[in-house]
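K.L.:
In our numbering, the protein residues as written are 77 to 482.
1. Return the CA-CA distance between residue 138 and residue 373, expressed in angstroms with no decimal places.
2. Unbroken beta strand (DSSP E) runs of length 3 or more, entirely within the region 429-482: which are they?
3. For residue 185 and residue 344, what's the separation of their Cα atoms in angstroms?
4. With distances taken Cα to Cα, identify the nearest neighbour of residue 233 among 342, 270 and 338.
5. Going by alpha carbons, who is nearest to residue 260 out of 465, 287, 154 and 142?
6. Within 10 angstroms of the Cβ of residue 156, are there 16 or more other Cβ atoms? Answer buried if so, exposed if not.
7. For the candidate residues 423, 427, 165 and 401, whose alpha-carbon lies nearest to that of residue 457?
8. Apply the 10 Å Cβ neighbour rule to residue 246 and answer buried if 16 or more other Cβ atoms are within range, or exposed otherwise.
9. Under the rule that 16 or more other beta-carbon atoms within 10 Å means buried, what is residue 323, buried or exposed?
10. For residue 142, count the other beta carbons within 10 Å of its own beta carbon; 16 or more makes it buried, fewer makes it exposed. Which is it?
11. If you draw a straight line from the C-alpha of residue 419 to the C-alpha of residue 285, how long is it?
12. Would you mind giving the Cβ-Cβ distance between residue 159 and residue 210, rounded to the nearest angstrom? I have them listed as a contact below 8 angstroms.
13. With 16 other CB atoms within 10 Å as the buried threshold, where does residue 467 fall?
14. I'd like the list of long-range same chain contacts for residue 321, defined as Cβ closer than 7 angstroms, with 5 residues on each side in sequence excluded.
15. Which of the three DSSP states is assigned to residue 312 in this structure?
16. Count the other CB atoms, across all protein chains shown, that sit within 10 Å of the CB of residue 484; report buried if there are 16 or more and exposed otherwise.
17. With 16 other CB atoms within 10 Å as the buried threshold, where does residue 341 fall?
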């Protein structure tokens, strides 16, 4: 099979399809210099999350990175009937690249096609010195031949603990950490787990686009699919997967039939039939990031109902600062990073069972918690995505300078 030539990245949206002049697999491109003469101006991000999936850390950071760098966001493949690449220019400096691979190919072809895609991208866009930014160590399987000016590993989760994680992920992460000049973590507990495994690791917990969510503090119009739901409304927003405490929600819904439990987000990797159902449990699906303030504005309490298991051991939920920015009282299970940043200061109530959760929600509904919104807002002001990206980029620039001087 042949891989198609790539079209120029000039249109807003392009579909790359088979071409009679397509090159054979295994083309060679000039190796990138290990030490660039100037700071790299291009960033290629390899991510396991779809750009149009739940808007979270990668989207926040790469959007801001595109104000400084020319950013290419390479997703994992989509399986289909043909070999092609979907290329979408998100903005002037941000391009999303999605490989489409045909069913039935071998594992070696799977890797060859992705390797070819990256090579074609670099050649087509005349990329020389660049930063390779990884969210998934598995991308090393098809990028280990590249010679970036600098490698960054933004470890946002302990992916090896997630349901369906590849067995080789742990080994690939070790390999990635050995190559990365700098490593970031998505929370403090993850930092503590990784800090002795890399010489330059820095914690950057969940941040916030404060103004976006603070709009919810003014009464916004209730979305159509939420208008018919009674109050009080207890809301959760996020991916519903193995981290979601189904038993907790089932018991709460049974204990308090007068409370309405609203769940926003896609159901992933678990059977929807295994989720709690009832007249007061409402699954409204995934919502556009821009619309979330409207939903939050019409809730009474927000919750973080995460199960305590290996998949949640190191998480730092982005929703915590988003809920608080929206002016919502928050109740959470005892997730370590939530307790450390918000629970210990009593900004978020922490409950470890259904009875305690019910009592905490009751206090929030009665206006008894939280009591110090000024302190909460001060903390949130120090946690912006703009500041996080700025601080990350300072580390990147500093490490690049060190490499150039060697």
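Glycine included, C-beta positions come from ideal geometry on N, C-alpha and C.
P.N.:
Inspection of the coordinates gives the following:
1. Their backbone Cα atoms lie some 27 angstroms apart in a straight line.
2. Runs of the beta strand (DSSP E) inside the region 429-482: none found.
3. Residue 185 and residue 344 have their C-alpha atoms spaced approximately 27 angstroms apart.
4. Among 342, 270 and 338, the Cα nearest to that of residue 233 is on 270.
5. Among 465, 287, 154 and 142, the Cα nearest to that of residue 260 is on 465.
6. It counts as exposed.
7. Comparing alpha carbon positions, the residue from 423, 427, 165 and 401 closest to residue 457 is 401.
8. So residue 246 ends up on the exposed side.
9. Exposed.
10. Counting Cβ neighbours within 10 Å, residue 142 comes out buried, since at least 16 surround it.
11. So the alpha carbons of these two residues sit roughly 21 angstroms apart.
12. Actually they do not touch by this definition, with Cβ atoms about 24 angstroms apart.
13. With a threshold of 16 other beta carbon atoms within 10 Å, residue 467 falls short and is exposed.
14. Excluding residues up to 5 positions away in sequence, 381, 382, 383 and 409 lie with their Cβ nearer than 7 angstroms to the Cβ of residue 321 in the same chain.
15. Strand.
16. It is not possible to answer for residue 484, since the shown part of the chain is limited to 77 through 482.
17. Under the 10 Å beta carbon count, residue 341 is surrounded by 16 or more other beta carbons and is classified as buried.
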